[in-house]
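Under the numbering used here, think of the first position of the sequence shown as 1, with each following residue one higher.
Where a beta carbon is used, it is the ideal one built from N, C-alpha and C, also for glycine.
It should be emphasised that the depicted structure is a prediction, and the values quoted were computed from it without experimental measurement.
Below is one structure; the comments refer to it alone.
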Amino acid sequence: HINHSIFWTNLCKDGGEPSGKLLQAINRDFGSLQGLQARLNAIAIAVQGSGWGWLGYNKIDKRLEVACCPNQDPLEPTTGLVPLFGIDVWEHAYYLQ
């Protein structure tokens with residue numbers, strides 16, 4: 001439930017590219033927005049079965065990281081990262097009907 005709550009909260013009709021401090025952190029930790037997208041896509045595609053790909057904040061190292069969690073496992077208790085953005089890679093999210 002918590003993963004989907006974060007997921008739905010992050011979606012908005014007037015979305016756009018990150019800016020400000022978030023964009024600065026993305027550029028610092030991934031080189032560019034495209035670098036983040038490539039890393040996040042790679043980790044999400046690598047999920048075996050159902051799970052989530054995440055962009056999270058490492059409070060100890062004070063940097064952004066990508067991670068994946070199986071099933072509905074929440075990011076912070078599983079990895080210690082604060083969840084910022086999640087990609088649902090359960091089969092219901094992409095399975096052709």
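#1: Which residues in the same chain as N27 place their Cβ atom closer than 8 angstroms to its Cβ, once the five residues preceding and following it in sequence are excluded?
#2: Using CA atoms only, rank isn't needed, just tell me which of Q48, L64, I60 is closest to W54.
#3: Give every residue of the same chain whose Cβ lies closer than 8 angstroms to the Cβ of G80, excluding the five residues on either side of it in the sequence, and list them in chain order.
#4: Can you tell me where the beta strand (DSSP E) holding A38 begins and where it ends?
#5: To the nearest angstrom, report how far apart I43 and N71 are at their CA atoms.
#6: Among the residues of its own chain, which have a CB less than 6 angstroms from the CB of V47, if the five just before and after it don't count?
#7: Taking Cβ to Cβ, would you say I2 is nearer than 7 angstroms to P77?
#8: Taking DSSP as the reference, what is the three-state secondary structure of D98?
If we stick to the structure as given:
#1: Excluding its 5 nearest sequence neighbours in each direction, N27 has C-beta neighbours in its own chain below 8 angstroms: L33, listed in chain order.
#2: For the residues Q48, L64, I60, the minimum Cα distance to W54 belongs to L64.
#3: Setting aside the 5 residues that flank it on each side, G80 is surrounded in the same chain by N58, K59, I60, each with a C-beta closer than 8 angstroms to its C-beta; the list follows chain order.
#4: For A38, there is no enclosing beta strand (DSSP E); the enclosing alpha helix (DSSP H) has its first and last residue at 33 to 45.
#5: Rounded to the nearest whole angstrom, the CA to CA distance from I43 to N71 is 14 angstroms.
#6: If we look at V47 and ignore the five residues flanking it on each side, its Cβ neighbours are C68, V89.
#7: Pairing I2 with P77 gives a Cβ-Cβ distance that is not under 7 angstroms.
#8: Only positions 1 to 97 of the chain appear in the structure, and residue 98 is not among them; the question remains open.
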